[in-house]
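A.B. asks: Following this message is one structure expressed as structure tokens.
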Amino acid sequence: MIQNIALILSLVSIALLAIIFIRVIRRSEWPDERNSAAPATARWRKRVLWGLIVLFVLAIGYSLAHMPYGARAVGEEIVVKATGHQWRWELSQDTVPVGREIAFHVTADDVNHGFALYDSKLRLKAQTQAMPGMVNVLRYRFDTPGIYKVLCLEYCGMAHHNMTADIRVVAE
Numbered sequence: 008m009i010q011n012i013a014l015i016l017s018l019v020s021i022a023l024l025a026i027i028f029i030r031v032i033r034r035s036e037w038p039d040e041r042n043s044a045a046p047a048t049a050r051w052r053k054r055v056l057w058g059l060i061v062l063f064v065l066a067i068g069y070s071l072a073h074m075p076y077g078a079r080a081v082g083e084e085i086v087v088k089a090t091g092h093q094w095r096w097e098l099s100q101d102t103v104p105v106g107r108e109i110a111f112h113v114t115a116d117d118v119n120h121g122f123a124l125y126d127s128k129l130r131l132k133a134q135t136q137a138m139p140g141m142v143n144v145l146r147y148r149f150d151t152p153g154i155y156k157v158l159c160l161e162y163c164g165m166a167h168h169n170m171t172a173d174i175r176v177v178a179e
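Just so you know, we're using the numbering used here here: the sequence shown kicks off at 8 and counts up by one.
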């Protein structure tokens, strides 16, 4: 939701800046005709300005086309609720299908925790914060079946090292 608002505000701001630039260019006057170098310099500056504008628009368009979050079909993702407690993870389900997008709704019941997904070789795949009173959504698509570990990345007390859970990723 907030990403959509940020996108809309950014596009509106870019459009307003473009309108302002175009109006300033159209209202500007040519330099004094007595100086023979002035019109050539002004034309060169105008070409550079338009080149930069075109480059800027292309860069913005490219970056917006490759945003990491986009429209999702309703019902496409599987929701797993994850709540951190001292010193355990409570998962609404611990088995998920391979190749489907999983939306982990992560929160904490007591103190801050770090929700981290690790593969079977203990390589970090994705992570987010688990905070009391907040729900962070971590979307991840498991590409290979297996047992994945959930570990806490935020020191949360004496038994922090025991705060683990397993997620079994299976073929459908």
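Backbone N, C-alpha and C define an ideal beta-carbon position, used for all residues, glycine too.
1) What number of angstroms, rounded off, separates the C-alpha of A178 from the C-alpha of P104?
2) By the DSSP assignment, the beta strand (DSSP E) with Q100 in it spans what residues?
3) Take V118 as the anchor and find which of D150, Q93, L124, L71 has the nearest alpha-carbon.
4) Could you name each continuous alpha helix (DSSP H) segment of 4 residues or more that falls completely within the stretch 148-172, going from the start of the chain to the end?
5) Is the beta carbon of A49 sitting closer than 9 Å to the one on V86?
6) What residues in its chain sit with their C-beta under 6 Å from that of T90, if we drop five residues either side in the sequence?
7) Identify the continuous beta strand (DSSP E) that holds V86 and give its terminal residues.
8) Which residue from L158, S20, L24 puts its Cα closest to that of R95?
9) From the DSSP output, which residues share a beta bridge with I109?
10) For Y162, count neighbouring C-beta atoms within 10 Å of its own C-beta (all shown protein chains included) and say buried if the count is 16 or more, exposed if not.
C.D. replies: Taking the geometry as given:
1) Spanning the two alpha carbons is a distance of roughly 6 Å.
2) Element bounds for Q100: n/a, residue is neither H nor E.
3) For the set D150, Q93, L124, L71, the Cα lying nearest the Cα of V118 is the one of Q93.
4) Listed in chain order, nothing qualifies, since the stretch 148-172 has no complete alpha helix (DSSP H) run of 4 or more residues.
5) Contact: no.
6) Here the set comprises E97, T114, D116.
7) If you look at V86, you'll find it in the beta strand (DSSP E) that goes 85-92.
8) Answer by Cα proximity: L158.
9) Per DSSP, I85, Y147.
10) With fewer than 16 neighbouring CB atoms inside 10 Å of its own CB, Y162 falls in the exposed class.
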